[in-house]
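Trainee: Numbering (numbering that gives the first Met the number 0), first residue to last: 0 to 149.
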Amino acid sequence: MKTNKGFSANIFSSENDNRAILVRLTVGLIFLTEGIQKFLSPELLGTGRFTTIGFIHPAFWAYFTGTFEIICGTFVILGFITRLASVPLIIIMITAFITTKIPVLLHKGIWPWAHEYRTDFAMTLLLFYLFIYGSGKWSVDSRIFEMRKS
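(1) Please confirm whether R23 and G78 have their CB atoms less than 8 Å apart.
(2) Classify D150 as helix, strand or coil using the three-state DSSP reduction.
(3) Count the C-beta pairs between the stretch 121-140 and the stretch 72-87 that are closer than 8 Å, then say yes if the count reaches three, no if not.
(4) With DSSP as the reference, label D140 as helix, strand or coil.
(5) For K37, which residues in the same chain have their Cβ closer than 6 Å to its Cβ, ignoring the five residues on either side in sequence?
(6) Are the CB atoms of F11 and I143 within a distance shorter than 8 Å?
(7) Between S149, I55, S40 and I90, which has its C-alpha nearest F67's C-alpha?
(8) Sorted by chain position, which residues of the same chain lie with C-beta nearer than 6 Å to T2's C-beta, five sequence neighbours on each side aside?
(9) Using the Cα positions of H106 and I69, report the straight-line distance between them to the nearest angstrom.
(10) Just the Cα atoms here: how many angstroms apart are I101 and R48?
(11) When you compare the CB positions of D199 and G108, do they come within less than 8 Å of one another, or not?
(12) Can you look up S85 in the DSSP assignment and give me helix, strand or coil?
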C-alpha cells in the first residue's frame, strides 16, 4: 500500500494487475454465498452452527456475521473499497480459526486439523493478498483512483 498520498488514495490504489480479479471472484463469491446460506439455513449454518460452537447470543452473531459476509463479499467481487472490505472478513476467518479449528487440532490431531483448515487457510491468505495489493486493474477502486488522479 502506498503511504504518501493520503488515506483515501491508499484505500483505492491498487497494483495494475489484471489477475487480481480471479482472487476477488474466488473470495467474494465464497463469502457472499456463505453469508446468504446463514439466512437460508439458519439451523445448519446460522444460529444452529453458532450455538454448537458455543457463542452467547448465537442468533445475533450468526446474522451479524452473515450480513458482513454478504456486504463485504459483494464489495470484494466489485473491487469496491476492497482493502477495507477485507478487514472484517479477515476477522471472521480468525474467529473461525479460534472457535472451530483449534478444537479440531486439540482433539483430533494435526492431520484432521490440516484437512479441516485447508479452505480457511487459503481464504485467509487470499484476503491478505487483497489487503496488501488491492483489487487490481478491473475494479471500481481502480476507476475511482484513476478519476481522483486526474
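Note that beta-carbon positions come from the ideal geometry of N, C-alpha and C, so glycine has one too.
This one's a predicted model, so the numbers in the text were calculated from it and none came from an experiment.
Mentor: Looking at the coordinates:
(1) yes
(2) The chain is shown only over 0 to 149; residue 150 falls outside these bounds and no answer can be derived.
(3) yes
(4) helix
(5) L44, G45, A61 and G65
(6) yes
(7) I90
(8) Bear in mind that a pLDDT of 45 at T2, under 50, signals an unreliable position, so the model cannot answer this.
(9) 32 Å
(10) 16 Å
(11) Any question about residue 199 goes unanswered here, given that the chain covers just 0 to 149.
(12) helix
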